[in-house]
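> Pasting in a structure now, in C-alpha cells, and then I'll have a few things to ask.
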Amino acid sequence: MVDITVEQLAKQIGCGISSDVLITQLKKAGININLPSDTIKEEEKIKLLHMLKKEQQDLFEKNKQISFKRTTASSINLKASSGKNIINVTYKKSYTYIKKPLNSTKILHDNIDKNIDNNIDNNINNNIDNNTNNDINNNINNDIKKKFNDGDKKFINSNKNDDIKNNSKINLYKNNKNIIKPLINIPQKITMFDLAKKMSVKISDIITHMIHKGYNFTFEQTLDQNTALLIVKEMGYQTKFIKNANIQDINSLNIYTLKPRNPIITIMGHVDHGKTTLIDYIRKSSLIKDEHGGITQHIGAYNVNTIYGNMTFLDTPGHEAFKAMRSHGSKCTDIIVIIVAADDGVMPQTKEAINHAKEANVPIIIAINKIDKSNSDIKKIINELSHFDLISDSWGGDTIFVNISAKLGTGVNTLLENINLQSELLELKAHYEGNASGFIIESRMNQWKGPITSVIIQNGQLSKDDIILSGSEYGKIKEIIDDKGISIKHAFPSMVVDIIGLQKTLISGDNFITIKDEKIAKNIANIKQNEKKEIDLIKNKRNKIEDLIKNTIDKDTKNLNIILKTDVYGSIDAIVYLINNIHTNNINIKIINASIGSVNETDIHLAVISNSIIIAFNVKCTTNAKKMLEYENIKILSHNIVYDIVDNIKEILEKNINSVQLDKKIGVLIVKEIFKSQKFDQIIGCFVTSGIVKKHAPITIIRANKTIYKGEIESLKRFKEDVLEVKVGNTCGIGIKNYNDIKINDTIEIYEKIINKK
Numbered sequence: 001m002v003d004i005t006v007e008q009l010a011k012q013i014g015c016g017i018s019s020d021v022l023i024t025q026l027k028k029a030g031i032n033i034n035l036p037s038d039t040i041k042e043e044e045k046i047k048l049l050h051m052l053k054k055e056q057q058d059l060f061e062k063n064k065q066i067s068f069k070r071t072t073a074s075s076i077n078l079k080a081s082s083g084k085n086i087i088n089v090t091y092k093k094s095y096t097y098i099k100k101p102l103n104s105t106k107i108l109h110d111n112i113d114k115n116i117d118n119n120i121d122n123n124i125n126n127n128i129d130n131n132t133n134n135d136i137n138n139n140i141n142n143d144i145k146k147k148f149n150d151g152d153k154k155f156i157n158s159n160k161n162d163d164i165k166n167n168s169k170i171n172l173y174k175n176n177k178n179i180i181k182p183l184i185n186i187p188q189k190i191t192m193f194d195l196a197k198k199m200s201v202k203i204s205d206i207i208t209h210m211i212h213k214g215y216n217f218t219f220e221q222t223l224d225q226n227t228a229l230l231i232v233k234e235m236g237y238q239t240k241f242i243k244n245a246n247i248q249d250i251n252s253l254n255i256y257t258l259k260p261r262n263p264i265i266t267i268m269g270h271v272d273h274g275k276t277t278l279i280d281y282i283r284k285s286s287l288i289k290d291e292h293g294g295i296t297q298h299i300g301a302y303n304v305n306t307i308y309g310n311m312t313f314l315d316t317p318g319h320e321a322f323k324a325m326r327s328h329g330s331k332c333t334d335i336i337v338i339i340v341a342a343d344d345g346v347m348p349q350t351k352e353a354i355n356h357a358k359e360a361n362v363p364i365i366i367a368i369n370k371i372d373k374s375n376s377d378i379k380k381i382i383n384e385l386s387h388f389d390l391i392s393d394s395w396g397g398d399t400i401f402v403n404i405s406a407k408l409g410t411g412v413n414t415l416l417e418n419i420n421l422q423s424e425l426l427e428l429k430a431h432y433e434g435n436a437s438g439f440i441i442e443s444r445m446n447q448w449k450g451p452i453t454s455v456i457i458q459n460g461q462l463s464k465d466d467i468i469l470s471g472s473e474y475g476k477i478k479e480i481i482d483d484k485g486i487s488i489k490h491a492f493p494s495m496v497v498d499i500i501g502l503q504k505t506l507i508s509g510d511n512f513i514t515i516k517d518e519k520i521a522k523n524i525a526n527i528k529q530n531e532k533k534e535i536d537l538i539k540n541k542r543n544k545i546e547d548l549i550k551n552t553i554d555k556d557t558k559n560l561n562i563i564l565k566t567d568v569y570g571s572i573d574a575i576v577y578l579i580n581n582i583h584t585n586n587i588n589i590k591i592i593n594a595s596i597g598s599v600n601e602t603d604i605h606l607a608v609i610s611n612s613i614i615i616a617f618n619v620k621c622t623t624n625a626k627k628m629l630e631y632e633n634i635k636i637l638s639h640n641i642v643y644d645i646v647d648n649i650k651e652i653l654e655k656n657i658n659s660v661q662l663d664k665k666i667g668v669l670i671v672k673e674i675f676k677s678q679k680f681d682q683i684i685g686c687f688v689t690s691g692i693v694k695k696h697a698p699i700t701i702i703r704a705n706k707t708i709y710k711g712e713i714e715s716l717k718r719f720k721e722d723v724l725e726v727k728v729g730n731t732c733g734i735g736i737k738n739y740n741d742i743k744i745n746d747t748i749e750i751y752e753k754i755i756n757k758k
C-alpha cells in the first residue's frame with residue numbers, strides 16, 4: 001500500500017482529529033514525525049495502533065473502582081416546655097462502583113481501521129466497532145457489552161436507601177459513553193410519538209436535535225422507514241427494518257380445505273320495480289311494510305332456506321341517491337338478479353345495476369317483474385336490454401331471463417332454480433376454518449348496544465371473542481346475532497350476521513378479517529389511521545384554500561352550513577350525494593360534519609359555533625340535546641324519507657335567496673365599572689337602560705356620539721352566574737373578546753339579526 005502523509009491520515013480518520021493531535025500521538029508511540037506533510041509507513045501505523053490499545057487498557061485498569069462520598073446536613077425542631085430545641089443532623093453516605101478487569105485482547109479500536117489496508121484488518125481480527133476515546137475512537141467488543149448490560153456493574157451503598165441507589169445508577173449510566181443503546185425496530189410507517197416511545201426520549205428532544213441538524217419535523221408527523229432511520233441514526237441508536245403485518249400476509253399463513261358454500265345473490269334494479277316484494281315472497285315476510293315511503297333505504301341481508309337449498313340474498317335500494325350502497329352490494333356477491341318492471345322498462349338505476357355487475361364480473365340473471373299487470377310489455381324489455389349486450393336465452397343469447405310476478409309468486413320457483421343452476425356452474429367454495437374474512441354490509445349505532453355492524457362472511461369461522469380488523473379500526477366481538485335475531489357463537493361462509501362489542505362503527509363497503517393476536521390488529525390499525533390522518537390533513541388544507549378563493553371571488557355569496565346525522569353509514573353517502581347535486585347561484589352549501597347516531601350535545605355546540613342547521617335522518621335527539629335546544633336557536637330537520645330532505649333544503653334556500661339580513665337594536669347599556677379579567681382583559685359592569693341584552697348578540701360601542709367599536713358579547717353574567725339574557729333595569733357583567741379600550745359612561749347598543757324578505 002502507498003504511504004500517506006499525516007494530514008491525509010487525519011482526514012481519513014475524521015471525528016475532528018487534527019494533524020497536530022495526530023503528530024502528538026505518533027511521538028508518544030516513539031515515531032519521529034514533525035510536520036503534517038511527513039509520510040507514515042505501514043509499520044508505523046501498526047505501532048500507533050498498539051500504543052493506543054495499551055493506553056485503553058491502562059485507562060480501564062486505573063478506573064476499575066470509583067468511590068463517591070456525600071454529606072447532607074439537616075435540622076430537626078423539637079418542642080419542649082422551655083421552648084423549641086434545634087438539633088443539627090449530618091448524614092454521611094458513600095457508594096462504590098466496581099468494574100471487573102478487562103482483557104486487553106478484547107479492547108478494539110474502530111475508525112482508524114476504516115482507512116488502513118486489509119493487512120491491519122487481519123491483525124485485529126476484523127473486530128472493529130464505533131466508539132470514541134480521547135481523540136481517536138475506541139470500543140469494547142460484544143462479549144464485554146453483554147457482561148456490562150447483564151449486571152457486571154456492582155453497586156455497593158453503605159446506606160441501604162433504594163432511592164439513592166437508583167439515582168446513582170442513573171447518573172453513572174448517563175456519564176458513561178460505553179452504554180449500549182437498544183436496537184430500534186422501524187416499521188414501514190411510524191408516528192413521531194411511537195418513535196419517541198421506542199427510543200425512550202421526549203418528542204421535543206427529537207425535534208430539537210433534528211432542528212440543530214437542519215431538519216424540520218412536527219409532533220404529529222407520520223414518518224416512512226427512511227426518514228425514521230435518519231432520525232434514529234442521528235440520535236445514536238442502532239436500527240432494524242421490519243415489515244408491517246398486513247391482511248394479505250395473515251390470510252396466506254395457512255392453507256385450509258375448501259368446501260362448497262351457499263350462493264350470495266344481490267337483488268338490484270330501479271326504485272319501485274319490486275325488489276323487496278320479491279325478497280318478501282321468498283322469505284314469506286313483509287319487509288316492505290317497515291320501509292318509510294314504501295322504498296328501501298338500507299341494504300338488507302337475509303339467509304333463506306329454499307327448496308333448492310340455503311341462499312343468501314342482499315336487497316339493495318333502487319333510489320338514485322343510494323348509488324354507493326348498490327356498489328357495495330355488487331362487490332361481495334356471486335350472482336346479480338336485476339329486476340325490471342314489465343310496465344315501466346329500463347330506467348337509470350337499471351342501467352347502473354348492469355354497469356355494477358359488469359365491473360364486478362358477476363353473472364347476471366334478468367327477472368322481468370309485474371307480468372300480471374295488463375300494460376306489461378315483455379318483448380319491449382327484452383329488446384331494450386339487448387342494447388346493453390344482455391341477449392335473452394330465448395333469443396339464442398347467454399343471459400337468463402325469467403318472467404315473474406313477485407306479488408303473486410308466479411315464476412319465482414323458476415327464478416330460484418336458475419339461481420341454483422348458475423351457482424353450481426360457479427362451483428362456489430370456501431374454507432370453514434381459521435381466520436374469518438368478509439365484507440362490511442352496513443354499520444349503525446344503537447342507543448343501548450352501541451355500534452352494530454352487519455357483515456357477510458366469505459371465508460373462515462367467525463367466533464365470539466375474535467378480534468376483528470377493518471380499515472383503521474379493530475375491536476373484540478362480544479356477541480354474534482343472526483338474521484333472525486338469535487345470538488350464536490359461530491358463523492360460517494355465506495352467512496349474514498350482526499356483530500356487537502366494537503368501540504366504533506365500521507365503514508360500509510370495507511373488507512374485514514379476524515385476528516387472534518390483538519397486537520397485530522392494533523399495529524395494522526395504527527398504520528391505517530396514520531395514513532388516513534395524512535390524507536385528511538391534505539384534504540383540509542385544500543378545502544381551506546378553495547374556500548378562501550371562493551370568498552375572495554364572490555364576497556356576497558351566502559353559506560348554508562349543514563350537520564348531518566343518520567342511522568347508518570350508507571345513508572350518509574346517499575344524502576351527501578343528493579345535497580351535492582343541489583345547485584344555487586348565491587348560496588354555498590357546506591356539510592360541516594356527517595356522522596351516525598343520535599343528535600347529541602356535541603352536535604348542538606358545533607351547530608351554534610358554525611351557524612349550521614342539523615339534518616336528522618332516522619335518528620332522534622338525546623335527552624341532554626333536547627334540553628340544550630330549549631335555549632339555543634338551532635334548526636333541526638328530522639326526516640325518514642331521503643328525498644324529503646332535498647325538498648326541505650330547497651325551501652330553506654329559496655327563503656334565503658329572497659331575503660336580506662338586517663340588524664335591529666334591542667337594548668342599550670351604560671358602562672358603570674370596569675374589572676380586570678384573565679380571559680377578556682376586562683369585565684365590564686353595565687346597567688341595562690332599555691330593552692334587553694343577549695349573549696352572543698352584536699354590539700356597537702359609542703363614545704361622545706361616535707362609534708368606536710363593533711363586535712359581539714362573548715360572556716354575559718349576572719351576580720357571577722352565566723346567563724343568556726338580562727332585561728331592562730338590571731345590572732350585568734359582559735366580556736368582549738379582543739377589546740380592552742372600554743371606559744366608564746360609554747354606551748353599548750345591543751342588536752339582533754333579523755331576516756327581512758325582499
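Just so you know, we're using the working numbering here: the sequence shown kicks off at 1 and counts up by one.
For every residue, glycine included, the Cβ atom is placed at its ideal position computed from N, Cα and C.
Note that the coordinates shown come from a computational prediction; the quantities given were computed from them, not determined experimentally.
1. Between which two residues does the beta strand (DSSP E) holding Q458 run?
2. Is the Cβ-Cβ distance between H387 and A341 less than 7 angstroms?
3. Under 7 angstroms, do D315 and I279 count as touching if we go by C-beta distance?
4. Can you tell me which of the three DSSP states V6 falls into?
5. Quick one: what's got a C-beta closer than 6 angstroms to K694's C-beta in the same chain, skipping five residues either side?
6. Nearest-angstrom Cα distance between K727 and F719?
7. For K45, which of I31, T257 and L35 has the nearest alpha-carbon?
8. If distances are taken between C-alpha atoms only, which option among H356, F512, I264 and N369 comes closest to A428?
9. Which same chain residues end up closer than 6 angstroms to T689 when comparing Cβ atoms and leaving out the 5 residues on each side of it in sequence?
10. Under the DSSP definition of a beta bridge, which residues are partnered with E234?
11. Report the three-state DSSP secondary structure of D603 (helix, strand or coil).
12. Using a threshold of 7 angstroms, state whether the C-beta atoms of G471 and I507 are closer than that.
13. Under 8 angstroms: do the region 355-362 and the region 374-385 share three or more Cβ pairs, one atom per stretch?
14. Grouping DSSP H, G and I as helix and E and B as strand, with all else coil, what is K145?
15. Just the Cα atoms here: how many angstroms apart are L22 and K213?
16. I need the boundaries of the beta strand (DSSP E) containing L35, first residue and last residue.
17. Three Cβ pairs or more, each shorter than 8 angstroms: is that satisfied between the region 604-613 and the region 632-645?
18. Just to confirm, is the Cβ distance from G735 to E714 under 7 angstroms?
19. To which residues of the same chain is I116 closer than 7 angstroms at the C-beta, ignoring the five residues directly before and after it?
20. Run through the region 592-650 for me and flag every whole alpha helix (DSSP H) of 4 or more residues, listed as ranges in chain order.
21. Can you tell which of T39, K47 and S19 has its C-alpha closest to the C-alpha of D3?
22. Looking at C-alpha atoms only, which residue of L195, T266, R261 and N262 is the closest neighbour of Y237?
23. Need the endpoints of the beta strand (DSSP E) that E442 sits in, please.
24. Can you tell me whether E651 is buried or exposed? The criterion is at least 16 other CB atoms within 10 Å of its CB, across all chains shown.
25. Whole angstroms are fine: how far does the CA of N593 sit from the CA of T222?
26. So, with DSSP's three-state summary, where would you put V346?
27. Taking all protein chains shown into account, do 16 or more other C-beta atoms lie within 10 angstroms of the C-beta of F439, making it buried, or fewer, making it exposed?
28. By the three-class DSSP mapping on this structure, what secondary structure does F193 have?
29. With a CB to CB cut of under 8 angstroms and the five nearest residues on each side skipped, what residues in its chain are close to L629?
30. Less than 7 angstroms separating the beta-carbons of T731 and F675?
31. Is the number of C-beta pairs between the region 396-409 and the region 437-453 that are closer than 8 angstroms three or more?
On the basis of the coordinates in this document:
1. Here residue 458 is taken as the residue at index 458 of the sequence shown, counted from 1. That run of the beta strand (DSSP E) goes G450 to N459.
2. Reading the sequence shown from its first residue, position 387 is the one you call residue 387. Reading the sequence shown from its first residue, position 341 is the one you call residue 341. No, the pair does not count as a contact, with Cβ atoms beyond the cut-off.
3. Numbered from 1 along the sequence shown, position 315 holds the residue referred to as residue 315. Numbered from 1 along the sequence shown, position 279 holds the residue referred to as residue 279. Yes, these two residues count as a Cβ contact at 7 angstroms.
4. As a position in the sequence shown, residue 6 is number 6, starting the count at 1. Three-state result, V6: helix.
5. Your numbering for residue 694 matches position 694 in the sequence shown. These residues qualify, in order along the chain: E725.
6. As a working mapping, residue 727 is identified with position 727 in the sequence shown. As a working mapping, residue 719 is identified with position 719 in the sequence shown. If you take the alpha carbons of K727 and F719, they lie about 14 angstroms apart.
7. On the sequence shown, residue 45 is found 45 positions in, with the first residue counted as 1. With distances taken between Cα atoms, K45 lies closest to I31.
8. Within the sequence shown, numbered from 1, the residue matching residue 428 stands at position 428. A small fix is needed here, since residue 428 is Leu in this sequence, not Ala. Of the candidates H356, F512, I264 and N369, the one whose C-alpha sits nearest the C-alpha of L428 is I264.
9. Counting from one through the sequence shown, the residue named residue 689 turns up at place 689. Closer than 6 angstroms at the Cβ level, and outside the excluded window around T689, lie V668 and I670.
10. Locating residue 234 in the sequence shown gives position 234, counting from the first residue. Answer by DSSP bridge pairing: none, since E234 is not bridged.
11. In the sequence shown, the residue the question calls residue 603 occupies position 603. Looking at D603 - three-state DSSP - the assignment turns out to be helix.
12. Along the sequence shown, one-based indexing puts residue 471 at 471. Along the sequence shown, one-based indexing puts residue 507 at 507. Yes, the Cβ-Cβ distance between G471 and I507 is below 7 angstroms.
13. no
14. The residue given as residue 145 occupies position 145 in the sequence shown. Below a pLDDT of 50, predicted positions are generally treated as unreliable, and K145, at 41, falls in that range; no measurement from the model is reported.
15. On the sequence shown, residue 22 is found 22 positions in, with the first residue counted as 1. On the sequence shown, residue 213 is found 213 positions in, with the first residue counted as 1. So the alpha carbons of these two residues sit roughly 28 angstroms apart.
16. By 1-based counting over the sequence shown, the position of residue 35 is 35. No beta strand (DSSP E) holds L35; DSSP gives it neither H nor E.
17. yes
18. The count along the sequence shown starts at 1 and reaches residue 735 at position 735. The count along the sequence shown starts at 1 and reaches residue 714 at position 714. Yes; because the gap between Cβ atoms is below 7 angstroms, this pair is in contact.
19. For the purposes of this step, residue 116 is taken as the residue at position 116 of the sequence shown. With a pLDDT of only 40 at I116, under the threshold of 50, the placement of this residue in the model should not be trusted; the figure read from the coordinates follows. Excluding positions up to five away in sequence, the list reads K45.
20. 601-610 and 623-629
21. Here residue 3 refers to the residue found at position 3 of the sequence shown. Of the listed residues, the one whose Cα sits closest to D3 is T39.
22. In the sequence shown, the residue the question calls residue 237 occupies position 237. Considering only alpha carbons, the answer is L195.
23. Working through the sequence shown from its first residue, we reach residue 442 at position 442. Run containing E442: S437 to N446, per the beta strand (DSSP E) assignment.
24. Here residue 651 refers to the residue found at position 651 of the sequence shown. Counting Cβ neighbours within 10 Å, E651 comes out exposed, since fewer than 16 surround it.
25. Here residue 222 is taken as the residue at index 222 of the sequence shown, counted from 1. Here residue 593 is taken as the residue at index 593 of the sequence shown, counted from 1. Approximately 25 angstroms, taken between the alpha carbons.
26. Locating residue 346 in the sequence shown gives position 346, counting from the first residue. The answer is coil: DSSP assigns V346 none of H, G, I, E or B.
27. As a first step, residue 439 is located in the sequence shown; it is residue number 439 there, counting from the start. Buried is the call here.
28. The residue you call residue 193 lines up with position 193 of the sequence shown. Residue state, collapsed to three classes: helix.
29. Within the sequence shown, the letter at position 629 stands for residue 629. Closer than 8 angstroms at the Cβ level, and outside the excluded window around L629, lie I604, C621 and I636.
30. As a working note, residue 731 is residue 731 in the sequence shown. As a working note, residue 675 is residue 675 in the sequence shown. No, the pair does not count as a contact, with Cβ atoms beyond the cut-off.
31. no
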